[in-house]
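Notes for the one structure printed next.
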Amino acid sequence: DIDFCMRRRAEVIEYVREKYGKDCVANIITYGTLGAKMVVRDVSRVHDLPFAEADRLAKMIPDELNISLDDAIAKSAELRAEIETNPTARKIIEAGRVLEGLVRNTGKHAAGIIITDRPLDEFVPLTLQEGDVTVQFDMGAVTKLGLLKMDFLGLKTLTVISDAVENVRRTADPDFDIEKIPLDDPRTYELLNAGRTIGVFQLESAGMQNACKQVGVSNIDDINAICALYRPGPMQFIPDYARGKRDPSSVKYPHPLLEDILKETYGIIVYQEQVMECAKIIAGYTLGGADMLRRAMGKKDAEAMARERIKFVKGAKECHNIPESKANEIFDLLNKFASYGFNKSHSTAYAIVSYQTAYLKANYPVQFMAAVLSAELGNADKVSHFIEEAQAMGITVLGPDINESRENFTPIVPDPATGRLPDLPPGIEEREDAIGRIRFGMAGIKGVGAAAAEKIIAERDANGPFKDFRDCARRVDSKAVNRRVIECLVKSGAFDYTGEPRGSIFHRLDALLAEASAHQRDLSVGQNNFFDMLEVEEPQPTAESQADPSKAFSQAEMLQFEKELLGFYVSGHPLDEWAGLAEAVSTVTVEELPTLPDRTDFRICGVVSGVTKRLSKRDNSPWAFFNLATRSGTVQMNCYSDAYAAYGDALVNERPAMIIGTVLNRDGDVRYSVREVHPLDRSLPSLINKVTWVLRKDASAVKFLHDLRDTLDRHVGSTLVEVAVLNGGDVAAVAEIPSALRWQITPESYRRLRRNRAVIGCAVDSKPIPPPEPRRWGRRNGS
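Sequential numbering from -4 applies to the sequence shown in this note's numbering.
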């Protein structure tokens, strides 16, 4: 649990400081070093080599982790030829050899601390790193010095499980205990084998989903093995594991003596403990000796390995009369797997956590997804990702509500007696097969915070739901829940249940809060009004009589406030008015962008936010970076000097835009360079060549055709229109509307036509991405 671990870390540090002095605890420094490719690019910049040439030279270095320049020259014939024929390349490599391996930057170890019984400056030099006292040696050096290094690691998933359990106890089963769940739950294994693992610890990536399907998970041991195997290296053995599980006759063992040890993993050495057990059985190693063998293999210590090989072969001969050739074969096999092997106790702990999260998702989906969303509060991309998953599961995610929301995302499940969910406020639609709802937590609303949320919830729990805004303002403590908090609650939709528009409440806030303040003042001095004396309820003006619909926020204002206060859109999305069309003109999705090859052009529609302007170091020309949000995710883009000069005025926060850009994918470092920026409402209609409406063959199609003709008469433009009527099965009769009746697409006219019940869908033909304008080259000095 993150909170527990951080608290424990703080407790340890405080204890050491009290016992030994404040100078006895420090963080550990980390170093980033200059690698081969980075050196080549940096030195090339010093020599004024054009980027394309520097990039070409760097790409001649093989893609191997921590490869040196000398190794790269030995392995790459292309690089050797370049050095021999190109004096500039030779000069760059020579300079690079001097710089290679030097410290590029320093950082702070994520979890490690050093503890001593005397002031640290007696042992090591100290520095300030990110505001914290840090030793100037890395973890390898401090270990060699014999100093005590402790790692305090936090795991967010344990907090998710804890929150989910609390949700289950509050909404479904007061006695629920995650430690007593069965390990053979059919629903859990059905979920895993179907690949529905988003939010499940360790198993939610696409690769892990495929691994679960391939293996056919049926017990906790399978999860354990998948967690250990799904890493670079041992990943290649997942098909062997799956085949051995399906067909035990295909399993082969390195030696009959090892069958008992390797039976659970179908003949594959998966865990480090198996390597140690094999050494004990075959060669008579002690437990300590087997651990030394495992360590030598894992560290690829050639000298130690040579000694261990002699010992292993001798032991195999003495214990079981195994020939030297067979013993060497087994030793080589152990050596191969030791470099892959995973610690089984570690893997088992992860497997248990994976199973627990899968169990909660399969059996208590609403409570679990509420906990997952709470853990990601503040990360808009992840919240959006998990909201999509919740909606796909049949869970409706709603904005905050003063009567339903708790501090964090709040699960709402059907009433056990009736099997029904509470009624929704007007205007909110829900799937007929909805299994539950999740309300946004009040503490997650920007400007509200945990303290105010706790006060509101305590009052609600003690004296019942709030009837309306006036009742809430009178009952809550105005010192803890001040005007700013109330404003944020109103803007984010926490009072939508009253039926009064948010803007209407907001514009009469002063009068309502003044009345509530006067009421609280009277109560504090014991003063009652006439109605209190008669012990009858004071008549209150209804929301309808006080509401002023003309003061309602526009849809754009509502969405802007939601994004600002909640981090994502709840009651809609700025791209809703272009639904279908924005996706049609986009050549790529946010998820696909990082997979595109270097120098690929793309076009994508989204909402601009977080525009940050900078000045170029080269010539002080302005440029900017910003976030572009689609319905499925957000990506950062860079608008460099030339593009910014031409299109910078179109970069307006919270405005939908169409972006044309280029992917810069350099050795896995992916960036997106903007070429053009256009306001979506002006650019999108001109990009669509033709729209084909696909209709049902019924009476409603006739009304659609009348509406279409009326639309084309009123909005004359350049887009061709076709109508396709389904005529049974997958066959459709297609008719092209005369070219004289071309359409100027507008959001309003598109939405109106799209809502007709005859419409099944529409096919959109958009224009290709225009080629970039030819660039005028010149020397850097301007000539």
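All C-beta atoms in this analysis are idealised placements derived from N, C-alpha and C, irrespective of residue type, glycine included.
Rounded straight-line distance, which links the Cα of residue j to that of residue i
i      : j      : result
Ile500 : Gln550 : 16 angstroms
Ala53  : Val35  : 6 angstroms
Pro318 : Pro57  : 41 angstroms
Ala758 : His380 : 27 angstroms
Asp65  : Glu77  : 14 angstroms
Glu298 : Pro45  : 46 angstroms
Gln267 : Lys331 : 11 angstroms
Arg780 : Ala385 : Because the chain in this structure spans residues -4 to 778, residue 780 falls outside the shown range and cannot be described.
Tyr236 : Leu329 : 17 angstroms
Ile305 : Leu94  : 41 angstroms
Thr537 : Gly488 : Per-residue confidence for Thr537 stands at a pLDDT of 47, beneath the threshold of 50, marking its modelled position as unreliable; the derived number appears in the next sentence. Taking the straight line joining both Cα atoms gives about 19 angstroms.
Ser320 : His250 : 13 angstroms
Asp491 : Met388 : 25 angstroms
Arg3   : Leu178 : 30 angstroms
Asp117 : Leu148 : Checking the sequence, you will find Glu at residue 117 rather than Asp. Approximately 28 angstroms between the Cα atoms of the pair.
Gln362 : Pro742 : 38 angstroms
Phe326 : Lys139 : 30 angstroms
Met130 : Val119 : According to the sequence shown, residue 130 is Val rather than Met. Taking the straight line from one Cα to the other gives about 6 angstroms.
Pro767 : Arg182 : 54 angstroms
Leu252 : Leu198 : 34 angstroms
Glu495 : Ala542 : 6 angstroms
CB contact flag (residue i, residue j, <7 angstroms)
i      : j      : result
Glu671 : Tyr642 : yes
Thr101 : Tyr26  : yes
Pro651 : Val602 : yes
Ala31  : Ala5   : no
Ser784 : Asn633 : Lying before the first or after the last residue shown, residue 784 is absent from the chain, which here runs from -4 to 778.
Ala311 : Ile256 : no
Gly91  : Val38  : yes
Val585 : Ser616 : no
Thr714 : Ile764 : no
Val270 : Gly336 : yes
Ala412 : Ala447 : no
Tyr261 : Gly239 : yes
Leu143 : Ile108 : no
Val686 : Val716 : yes
Ala445 : Ala453 : no
Ala624 : Ser695 : no
Ser473 : Arg434 : no
Cβ separation of residue i and residue j, assumed to be a contact under 8 angstroms, to the nearest whole Å
i      : j      : result
Ala577 : Leu570 : 5 angstroms
Asn22  : Asp112 : Not really, about 18 angstroms apart at Cβ, beyond 8 angstroms.
Leu748 : Thr706 : 6 angstroms
Gly284 : Ser334 : Not a contact, Cβ separation roughly 19 angstroms.
Gly442 : Cys483 : 4 angstroms
Ala719 : Trp688 : 7 angstroms
Phe196 : Thr352 : 5 angstroms
Asn398 : Phe464 : At roughly 12 angstroms, the Cβ-Cβ gap does not stay under 8 angstroms, so Asn398 and Phe464 are not in contact.
Of the residues the options, the one placed nearest residue i, counting alpha carbons only
i      : options                           : result
Val392 : Ser63, Tyr261, Tyr564 and Arg704  : Tyr564
Asn61  : Asn660, Asn622 and Met33          : Met33
Val98  : Leu115, Arg85 and Leu29           : Leu29
Tyr354 : Lys175, Glu510 and Leu646         : Lys175
Ile173 : Arg432, Met230, Asp693 and Ser349 : Ser349
Asp760 : Pro733, Arg752 and Ser581         : Ser581
Leu121 : Arg709, Cys19 and Ile440          : Cys19
Asp725 : Gly262, Lys692 and Arg12          : Lys692
Lys377 : Lys295, Gly562, Asp116 and Val265 : Gly562
His104 : Phe132, Arg746 and Lys309         : Phe132
Val647 : Thr607, Lys462, Ala49 and Lys685  : Thr607
Phe620 : Asp614, Arg613, Tyr639 and Lys612 : Tyr639
Gly135 : Ser604, Ile382 and Ile24          : Ile24
Ile8   : Ala106, Met55, Ile88 and Lys86    : Ala106
Ala727 : Val485, Gly756, Leu253 and Ser681 : Gly756
Thr629 : Glu649, Trp618 and Ser213         : Glu649
His341 : Glu552, Arg164 and Ile218         : Ile218
Residue i beta carbon near the ligand HEM (any heavy atom closer than 6 angstroms)
i      : result
Arg503 : As presented, the structure is devoid of all ligands, the ligand HEM included, so that no description of it is given.
### Message
For the pair the region 364 to 374 and the region 147 to 165, tell me if three or more CB-CB distances fall below 8 angstroms.
### Response
Under the three-pair Cβ rule at 8 angstroms, the region 364 to 374 counts as touching the region 147 to 165.
### Query
Three or more C-beta pairs closer than 8 angstroms, one from the region 213 to 225 and one from the region 339 to 350: is that the case here?
With a cut-off of 8 angstroms, the region 339 to 350 and the region 213 to 225 count as touching, because enough Cβ pairs lie within range.
### Task
Mind the definition here: the region 542 to 556 touches the region 506 to 518 only if three or more C-beta pairs lie below 8 angstroms; say whether that holds.
No, because fewer than three Cβ pairs between the region 542 to 556 and the region 506 to 518 fall closer than 8 angstroms, the two stretches do not touch.
#### Entry: Three or more C-beta pairs below 8 angstroms linking the region 405 to 413 and the region 207 to 215
Taking a contact to require three or more Cβ pairs closer than 8 angstroms, the region 405 to 413 and the region 207 to 215 do not qualify as touching.
### Query
Are three or more beta carbon pairs between the region 653 to 660 and the region 593 to 600 nearer than 8 angstroms?
Verdict: yes, contact present.
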